[in-house]
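K.L.:
Mind looking over this structure? Questions follow.
Residue numbers (my numbering): 301 to 644.
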């Protein structure tokens with residue numbers, strides 16, 4: 301059995317690394333990717349751990365960080381809701397629901413929306429505003445499937461439909477996440493490994509009637525007519541992350557988790573992430589995390605600082621988990637996130 305599970309793990313990780321080697325481009329195109337909403341984290345526990353726990357995060361919480369974790373859950377059906385006060389008064393809301401089909405794997409659906417608020421319409425003639433307002437609509441819909449191949453190996457994949465709309469101009473794209481988790485490396489209980497490829501997909505491109513402009517040709521022979529501005533396409537912010545974690549229980553009532561991960565980005569500098577979580581009686585939890593960006597040349601390349609959080613796990617007929625996360629930022633107010641998870 302050990303040889304069988306090891307072979308599955310090696311094949312899965314090798315496949316992910318080959319995909320990344322073909323499509324990722326390292327830091328040469330920093331700042332050139334679009335669809336940045338794909339990078340905004342969800343779930344207060346994952347954020348408080350700075351996204352470092354890709355090796356072992358389980359259940360509905362795992363969808364964003366590593367879809368393989370959906371393959372294992374303490375509940376047959378779970379639902380999660382989270383909201384974050386992001387930068388510049390932007391709100392990020394997220395909801396997901398998933399269920400386990402015994403022997404067939406787990407299936408989940410998720411939605412993330414970005415609330416930019418009302419933005420005044422300005423024109424060349426009315427730079428102070430026309431009195432009209434608009435609000436961009438950025439929504440990401442996801443479908444995730446995961447399965448525990450053995451008691452140690454889990455695999456998962458997410459298909460995301462990314463939609464961006466600004467007044468009458470919009471872009472739609474599809475991205476994929478794929479991940480693997482392995483628990484019990486080298487027969488050490490609690491030692492976990494995770495690999496995840498995120499935001500892989502074709503280019504997106506804006507289109508719509510607002511790209512039409514009344515203009516006159518250079519030769520002036522045809523008079524003014526409508527011309528369409530051809531918007532350039534943009535790539536998705538693909539990344540690969542490798543994580544390692546160790547979880548151990550002390551004296552029955554206490555549990556400690558230490559996690560680290562390396563994130564390779566095709567749109568920004570690489571990150572090294574570190575996190576820890578301490579729990580008491582599987583009811584109360586405190587967490588913290590930090591990301592190190594050694595290649596960042598200026599502070600603007602990494603505006604997010606350390607993260608902190610806490611959680612409480614209650615059993616009241618149904619399982620209720622309430623988590624809070626706090627992330628320090630540069631130039632903006634700190635991020636606050638609350639999430640609630642229900643297990644049935």
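Ideal Cβ positions, reconstructed from N, Cα and C, are used throughout, including at glycine.
Everything numeric in this text was worked out from a predicted model, so none of it was measured.
Since residue 497 and residue 478 should fall inside the 8 Å C-beta cutoff, what is the C-beta to C-beta distance between them, to a whole number of angstroms?
P.N.:
Confirmed, about 5 Å.
K.L.:
Give me whichever residues DSSP pairs with residue 635 in a beta bridge.
P.N.:
Paired residue(s): 627.
K.L.:
Output the distance between the C-alpha atoms of residue 353 and residue 454, rounded to the nearest integer angstrom.
P.N.:
C-alpha separation (whole angstroms): 15 Å.
K.L.:
Where do the ends of the alpha helix (DSSP H) carrying residue 348 lie?
P.N.:
Counting along the chain, the alpha helix (DSSP H) containing residue 348 begins and ends at 344–348.
K.L.:
Report the CB separation of residue 492 from residue 448 in whole angstroms; it is logged as a contact under 8 Å.
P.N.:
Contact doesn't hold; Cβ gap of about 13 Å is too wide.
K.L.:
For residue 595, which of 569, 607, 619, 396 has the nearest alpha-carbon?
P.N.:
Selected option, being the one with the closest Cα: 569.
K.L.:
Check whether the Cβ atoms of residue 395 and residue 419 lie closer than 8 Å to each other.
P.N.:
No. Outside cutoff.
K.L.:
Out of 557, 576, 507, 474, point me to the one whose CA is closest to residue 528's CA.
P.N.:
Of 557, 576, 507, 474, the residue nearest in Cα terms is 507.
K.L.:
Near residue 324, what residues of its chain come up, given a Cβ to Cβ distance below 7 Å and the 5 sequence neighbours on each side ignored?
P.N.:
Residue confidence for residue 324 is low, a pLDDT of 48 falling below 50, so the modelled location carries little weight and cannot support an answer.
K.L.:
Would you say residue 655 and residue 531 are within 8 Å of each other, going by their C-beta atoms?
P.N.:
One cannot answer for residue 655 here, as it falls past the ends of the chain, which runs 301 to 644.
K.L.:
Report the CB separation of residue 380 from residue 641 in whole angstroms; it is logged as a contact under 8 Å.
P.N.:
Contact holds; Cβ gap of about 4 Å.
K.L.:
Let me check understanding here. Comparing Cα to Cα, which of 398, 470, 428, 435 lies closest to residue 446?
P.N.:
Here the closest residue by C-alpha is 398.
K.L.:
Please confirm whether residue 468 has its beta-carbon closer than 8 Å to some beta-carbon of chain D.
P.N.:
Reference to chain D is not applicable here, since this structure consists of a single protein chain.
K.L.:
Work out the CA separation of residue 337 and residue 435 for me, nearest whole Å.
P.N.:
Spanning the two alpha carbons is a distance of roughly 15 Å.
K.L.:
Using the beta-carbon count (16 or more within 10 Å), is residue 509 buried or exposed?
P.N.:
Flag for residue 509 reads exposed.
K.L.:
Is it right to say residue 543 is buried, meaning 16 or more other beta carbons lie within 10 angstroms of its own, or is it exposed?
P.N.:
That one is buried.
K.L.:
Roughly how many angstroms separate the alpha carbons of residue 620 and residue 554, rounded to a whole number?
P.N.:
Cα to Cα, residue 620 sits roughly 20 Å from residue 554.
K.L.:
In three-state DSSP terms, what is residue 583?
P.N.:
If DSSP states are grouped into helix, strand and coil, residue 583 belongs with coil.
K.L.:
For a test of the three-state rule: what should DSSP assign to residue 357, helix, strand or coil?
P.N.:
Looking at residue 357 - three-state DSSP - the assignment turns out to be coil, as it is neither helix nor strand.
K.L.:
Which same chain residues end up closer than 7 Å to residue 501 when comparing Cβ atoms and leaving out the 5 residues on each side of it in sequence?
P.N.:
So the list reads 473, 474, 475, 476, 536, once near-sequence residues are dropped.
K.L.:
Grouping DSSP H, G and I as helix and E and B as strand, with all else coil, what is residue 323?
P.N.:
Summary for residue 323: the model assigns pLDDT 48, below 50, so the residue's position carries little reliability; its value from the coordinates is reported in the next sentence. Three-state DSSP puts residue 323 in a helix.
K.L.:
So, at 8 Å on beta carbons, what are the nonlocal neighbours of residue 560 in its own chain, with the 5 sequence-adjacent residues on each side left out?
P.N.:
Around residue 560: 352, 543, 544, 545, 572, 573, 574, 575.
K.L.:
I'd like the ranges of any beta strand (DSSP E) spanning at least 3 consecutive residues and lying wholly in the region 434–467.
P.N.:
List check, beta strand (DSSP E) in window: 437–448, 453–466.
K.L.:
Identify, in the order they occur along the chain, each residue of the same chain with its Cβ nearer than 6 Å to the Cβ of residue 591, setting aside the five sequence neighbours on each side.
P.N.:
Hits under 6 Å: 350, 571, 573.
K.L.:
Can you give the beta carbon distance from residue 430 to residue 421, rounded, assuming they're within the 8 Å contact cut?
P.N.:
That belief holds up - the Cβ atoms of residue 430 and residue 421 are roughly 5 Å apart, short of 8 Å.
K.L.:
Could you check how far apart the C-beta atoms of residue 549 and residue 347 are, in whole angstroms? I think they sit under 8 Å.
P.N.:
Residue 549 to residue 347, Cβ: 24 Å. No contact.
K.L.:
By the 10 Å Cβ neighbour count, where 16 or more other Cβ atoms means buried, how is residue 374 classified, buried or exposed?
P.N.:
Exposed is the call here.
K.L.:
Can you look up residue 336 in the DSSP assignment and give me helix, strand or coil?
P.N.:
Residue 336: helix per DSSP, three-state reduction.
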